[in-house]
Amino acid sequence: MEYETLVEQLFHHSINAKIDCVEAVTPALVRAGLVLAECLLADGKVLVCGNGGSSLNAQFFATTLMNQGERERPGLPALVLDNSSATLTAIENDYGLNDAFARQVRALGQPGDCLVLFTRTGVPANLLNAVSAAHEREMRVIAITAGDGGHLPVLLAERDIEVRVPLVSRFRIYENHLLLSFALCELIEYQLFGGT
């Protein structure tokens, strides 16, 4: 009975966290969906990155864009930045681990592309450097953050968008970031391919 209560509490905490985030994230999320759809309509591509658990959300988001969401549709040009040991150690050896994503953004990003990054804390240097690299390449940045956003908000340009969930629990943040991924994919599909 004790374990059943724990599971029930986890479900309730998850549901309540999502409800608490609705008003906070909706306006920025809609703007982010519009920016990403405009990028794709203009033949741009979406580069995506994150660290740790956030890298899983980044992988999911990029894969869903490339493959499909709720409907049969053409694949969209989205690429998760490589965080394999071969790529990371090669870049670390020559440039330092903090440039792991920035180096890839400079190599792959073009003006008009978008960088989407997922971060729970907003403090890892490799993500902050990726934002700077995206700006160098004249890319817009969509930052999916949490809490107070860490060091990231001050780096964002006026045309960038931060979608921040007002949460501190690690699990609730990852859950809500995954939900934001679903929502962004649906917003993009709706704008590019119409309603179902």
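Just remember that my numbering sits 1334 ahead of the position in the sequence shown, which is counted from 1. C-beta atoms are modelled at their ideal positions from N, C-alpha and C, and glycine is treated no differently.
Excluding residues up to 5 positions away in sequence, Ala-1351 lie with their Cβ nearer than 6 Å to the Cβ of Arg-1506 in the same chain. Linking Leu-1526 to Ile-1425 through their CA atoms gives a straight-line distance of about 36 Å.
Looking from the CA of Leu-1390, the closest CA among Glu-1509, Pro-1458, Gly-1456, Pro-1487 belongs to Glu-1509. In this structure, Thr-1479 lies away from Asn-1385, with their beta-carbon atoms at least 9 Å apart.
Tyr-1337 and Leu-1344 have their C-alpha atoms spaced approximately 11 Å apart. In the three-state scheme derived from DSSP, where H, G and I count as helix and E and B as strand, Gly-1528 is classed as coil. For Asn-1463, the CB contacts under 8 Å within the same chain, skipping 5 residues up- and downstream, are Asn-1432, Asp-1433, Phe-1435, Ala-1436 in chain order. Under DSSP, Gly-1384 forms a beta bridge with Phe-1452.
Secondary structure of Val-1488 (DSSP, three-state): helix. About 7 Å separates the beta carbons of Phe-1394 and Leu-1512, which is inside the 8 Å limit, making them a contact pair. Around the Cβ of Ile-1495, a 10 Å sphere holds 16 or more other Cβ atoms; the residue is buried. Shown here, Val-1439 sits in a helix according to DSSP, grouped into three states.
Membership of Glu-1496 in the beta strand (DSSP E) is indicated by the continuous run 1495-1499. Here Ile-1476 is buried, its C-beta having at least 16 other C-beta atoms within 10 Å. Beta-carbon to beta-carbon, Leu-1381 and Leu-1410 are separated by about 13 Å, too far to satisfy the 8 Å threshold. At a Cβ-Cβ threshold of 9 Å, Cys-1383 and Val-1499 do not count as neighbours. Comparing alpha carbon positions, the residue from Ser-1466, Met-1473, Glu-1357 closest to Val-1488 is Ser-1466.
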